[in-house]
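Input: a single structure, listed below in structure tokens.
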Amino acid sequence: MNEYAALLENVRAKKPLVHHITNYVTVNDCANITLAIGGSPVMADELADAMDIAAISSAVVLNMGTLNERTIPVMLAVGKSANAKGIPVVFDPVGAGASKPRNETAAKLLSEVALAAVRGNISEIRFLAGLRSHTKGVDASDADLAGASDAKQAAKSLAERTGGVVAVTGAQDVITDGKKTVSVSNGVAMLGSLTGTGCMCSSLIGCYLGANPDKPFESVTAALLSMGIAGEIAHERAGHLGSGSFRAALHDAMSRMDASVLERRAKYDEA
Amino acid sequence: MNEYAALLENVRAKKPLVHHITNYVTVNDCANITLAIGGSPVMADELADAMDIAAISSAVVLNMGTLNERTIPVMLAVGKSANAKGIPVVFDPVGAGASKPRNETAAKLLSEVALAAVRGNISEIRFLAGLRSHTKGVDASDADLAGASDAKQAAKSLAERTGGVVAVTGAQDVITDGKKTVSVSNGVAMLGSLTGTGCMCSSLIGCYLGANPDKPFESVTAALLSMGIAGEIAHERAGHLGSGSFRAALHDAMSRMDASVLERRAKYDEA
Amino acid sequence: MNEYAALLENVRAKKPLVHHITNYVTVNDCANITLAIGGSPVMADELADAMDIAAISSAVVLNMGTLNERTIPVMLAVGKSANAKGIPVVFDPVGAGASKPRNETAAKLLSEVALAAVRGNISEIRFLAGLRSHTKGVDASDADLAGASDAKQAAKSLAERTGGVVAVTGAQDVITDGKKTVSVSNGVAMLGSLTGTGCMCSSLIGCYLGANPDKPFESVTAALLSMGIAGEIAHERAGHLGSGSFRAALHDAMSRMDASVLERRAKYDEA
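Chains as they are written, first to last, in the working numbering: chain A, 12 to 282; chain B, 12 to 282; chain C, 12 to 282.
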């Protein structure tokens, strides 16, 4: 069994409670993918409620996909509170670079909360790393994708700043903690034809981190391997049918993911 | 035709408008399951809008899954207004016991609104009944499940307080109005691997109650029989494929539910 | 290739960014259908965020399905800002006629924002056109459907007021810009058994308009042809299975829609 398979077994065994403050577009997908991998999802974004829920959670996922004035301070407060309790915080900077409130919220979270993991597309991570970015809404821009060979550099630069793990997801995923770097080549282009596959990656990271808090780098890698492999299985089974069947098959594959599949199909390299 | 089958035919014939003030995680599932059983869903949570919509509805479902300061007073106002108009109110106390705002909101609704039906998992109902509970987020805790034989006692205790019907859903569902008690043994464990199956039960209760307001106990029972049977059919057809296909098959089975299926497959006992 | 097929190819080629201020019930369906037809969805409803996002978008969709005090002024501000920049605005008046806030919001949008397209069911469009309407929640009422032959009159009357395109969707869709009128007979009744098929039509209109801003009438028609044809294909493949499979098949068909399918199956008439 490779080390990632062991981390998956921990998720299944511990069923970590993963608290999300997230957007209303993909929240249902995030809840179902959390259940599929073996976690227990809970969403709460009102201050007093979120503080209580965070206190009993194994991980917190902050996703700014549809941020608003009510929830931005809650993300900050919950993030700090989780830090104080040693609960790992995952940040998904949806649309960073695309608007002032997103940019400011991301900047605040980066400076005030210790982020165990940050996961975004190349446009978002480039922006957070202070590099030139061409964010176009919430999807990576073609201009930034053309420079995907820079993903490693952007991720490392951001990881040095956060002190945590940073992942850039795309055709090839790059995961780094500033020292070690791994690239994951599992996955299919069709994942980009569904909304929420990025958000779901962040939820999976929350599940793995929640069950394996002492292995942040490996947890992020295992999460992205899981999504990539589930995407491949879904594509083999239902890709020819279209995006609706592919979506169901993606959840199917995640719910049936096990150590042997993860071990047999994982494709990663030290980068 | 058993009495539950007759209630279903009323839902199909009357197409009751079911007003939800509910969470943003499972709201789409609630809308689609309402349509599948034959109701017409409408969601409105801004005070003036919700008051107008409630006034033309056949039932109101209050679900506190992602409550916030804006919507809590709306739930109370709409609940009272529905009471005044004789429109049945269903309460789904998601996460009761897990946070102060959830506990306080549940307490206010219990004391200020006449609840035709309350449906929750064993942790939530134990908490509302004033019994020791171990709520862990929004799913029933293992500690509480171990005491599931207490479901009947907790439900009866709460029903005496509300004067309405109380249902505890789980491996075996218990429904009581404080006098009569029925247990439903339809259903499959896989329903727990999807988010929103509890919320959908509450929506179904709203549909049955909306079409059969004079039969609250039987309506709640029919709703839980419907979900249990649909879950079994979905599991037979798609359970081996995984959670995504199971979800689609669950909606399939509900949309094709008819009196004969409900009659042939219903498994319930006076408890 | 008919003119509608050419418009579809523009959507696929340009991948327009379509900004939605929409409800939390069907938002995920709107995002996925936007991706399926070839657009890029983005949802943002906080003032500063929405203004920045709208500025980089190709079309804006305003859907008042779950309007609230925070988002109503944002819809107005974003609509006006889009007008100033020449970005087409689509309005989906969900539930117009059913509550005072919905009626007032619709009235404000009609008077203060230039609407490239308005799409609703017969109850909603009759209400906006100042005709007698029997809105029942968010679905068309039977009373209004009985008068569906009036759809053309209601749509023309509203189009004269807005100066844009108006579409009434139902068993037969009517599209008019006040001068030209087309009716589309593609589609199946089963589309009414899913939540969000109306909202998804409005998203598709946003995609077509975003890619073909100089062809508003033809864009709206192409969007409704796309939905009708996808509904037919989904029904042929999965209608017998039930609403869950039909839903997946609908997204499948939209993601596989191409110029030849659109050309071969389109059924429309000048009306």
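Using N, Cα and C, we set each Cβ at its ideal position, and we do this for glycine too. Being a predicted model, the structure only gives us computed values, none of them experimental.
Cβ-based burial, residue i [other Cβ within 10 Å; buried from 16]
i	result
B/His-31	buried
B/Ala-233	buried
A/Lys-96	exposed
B/Asp-40	buried
C/Ser-115	The amino acid occupying residue 115 of chain C in the given sequence is Glu; Ser does not appear at that position. C/Glu-115 should be labelled exposed.
B/Glu-135	buried
B/Lys-26	buried
C/Glu-281	exposed
B/Pro-84	exposed
B/Ala-118	exposed
B/His-246	buried
A/Ile-229	Correcting the residue identity first, residue 229 of chain A is Glu in this sequence and not Ile. Buried, since its Cβ has 16 or more Cβ neighbours within 10 Å.
A/Ser-271	exposed
A/Ser-69	buried
A/Lys-256	It is worth fixing the name first, because residue 256 of chain A is Ser in this sequence and not Lys. That one is buried.
A/Ala-24	exposed
B/Ala-42	buried
C/Gly-174	exposed
A/Gly-141	exposed
B/Ser-144	buried
C/Arg-248	buried
C/Ser-196	exposed
A/Asp-150	buried
B/Arg-275	exposed
C/Asp-269	exposed
B/Ser-237	buried
Three-way DSSP call (helix, strand, coil) for residue i in this model
i	result
A/Val-100	strand
A/Gly-174	coil
A/Asp-188	coil
A/Ala-70	strand
B/Met-238	helix
B/Glu-20	helix
A/Met-54	strand
A/Val-193	strand
A/Val-38	helix
C/Asp-269	coil
C/His-251	coil
B/Glu-281	strand
C/Gly-181	coil
B/Arg-113	helix
C/Gly-203	helix
Proximal chain C residues relative to residue i, where beta-carbon distance stays under 7 angstroms
i	result
A/Asn-197	Correct list: empty, because the minimum Cβ distance to chain C is about 21 angstroms.
A/Asp-60	Those do not exist, as A/Asp-60 stays about 17 angstroms from chain C at its closest Cβ, beyond 7 angstroms.
B/Ile-186	The premise fails here: B/Ile-186 is roughly 26 angstroms from chain C at the closest Cβ pair, so nothing lies under 7 angstroms.
A/Arg-113	Asp-60
Listed by chain order, chain A residues near residue i by CB distance under 7 angstroms
i	result
B/Thr-77	Met-54, Ala-55 and Asp-56
Closer than 7 angstroms at the beta carbon, the chain B residues around residue i
i	result
C/Glu-80	Glu-57
Chain B residues whose Cβ lies nearer than 8 angstroms to that of residue i
i	result
C/Pro-227	Residues of chain B passing the Cβ test: none, with the nearest at roughly 30 angstroms.
Where residue i meets chain B, residues with beta-carbon distance less than 9 angstroms
i	result
A/Ile-240	Chain B residues near A/Ile-240: none, gap ~13 angstroms exceeds 9 angstroms.
Listed by chain order, chain A residues near residue i by CB distance under 8 angstroms
i	result
C/Ile-64	Gly-106, Ala-109, Ser-110 and Gly-148
Between the region 27 to 54 of chain B and chain C, which residues of the former have CB atoms less than 7 angstroms from a CB of the latter, in chain order?
-> Leu-28, Tyr-35, Val-38, Asn-39, Ala-42, Asn-43, Leu-46, Ala-47, Ser-51, Pro-52, Val-53 and Met-54
When the Cβ atoms of the region 45 to 60 of chain C are set against those of the region 61 to 81 of chain A, are three or more pairs found closer than 8 angstroms?
-> yes
Under 8 angstroms (Cβ pairs) to chain A, residues found in the region 249 to 269 of chain C | Arg-258, Ala-259, Ala-260, Leu-261, His-262, Asp-263, Ala-264, Met-265, Ser-266 and Arg-267
So does the region 93 to 107 of chain A actually touch the region 213 to 221 of chain A, counting three or more Cβ pairs closer than 8 angstroms?
-> In this structure the region 93 to 107 of chain A lies against the region 213 to 221 of chain A, because at least three pairs of beta carbons, one per stretch, are closer than 8 angstroms.
Within 8 angstroms of chain C by C-beta, residues of the region 78 to 109 of chain B in sequence order = Arg-81
With contact counted as at least three CB pairs below 8 angstroms, one residue from each stretch, are the region 164 to 173 of chain C and the region 250 to 263 of chain C in contact?
-> no
Got a sec: which bits of the region 199 to 215 of chain C sit with their beta carbon under 7 angstroms from any beta carbon on chain B, in order along the chain?
-> Ser-204, Leu-205 and Thr-206
Is the number of C-beta pairs between the region 240 to 251 of chain C and the region 238 to 245 of chain B that are closer than 8 angstroms three or more?
-> As far as the Cβ criterion goes, the region 240 to 251 of chain C does not touch the region 238 to 245 of chain B, which means the pair count is below three.
Quick one, which residues of the region 125 to 145 of chain B are near chain A if we go by CB-CB under 7 angstroms, in chain order?
-> Residues of the region 125 to 145 of chain B with a Cβ closer than 7 angstroms to any Cβ of chain A: none.
Stretch pair the region 197 to 209 of chain C + the region 222 to 230 of chain C: three plus CB contacts closer than 8 angstroms = no
Segment contact flag, the region 58 to 65 of chain C with the region 180 to 191 of chain A, C-beta cutoff 8 angstroms, min 3 pairs | no
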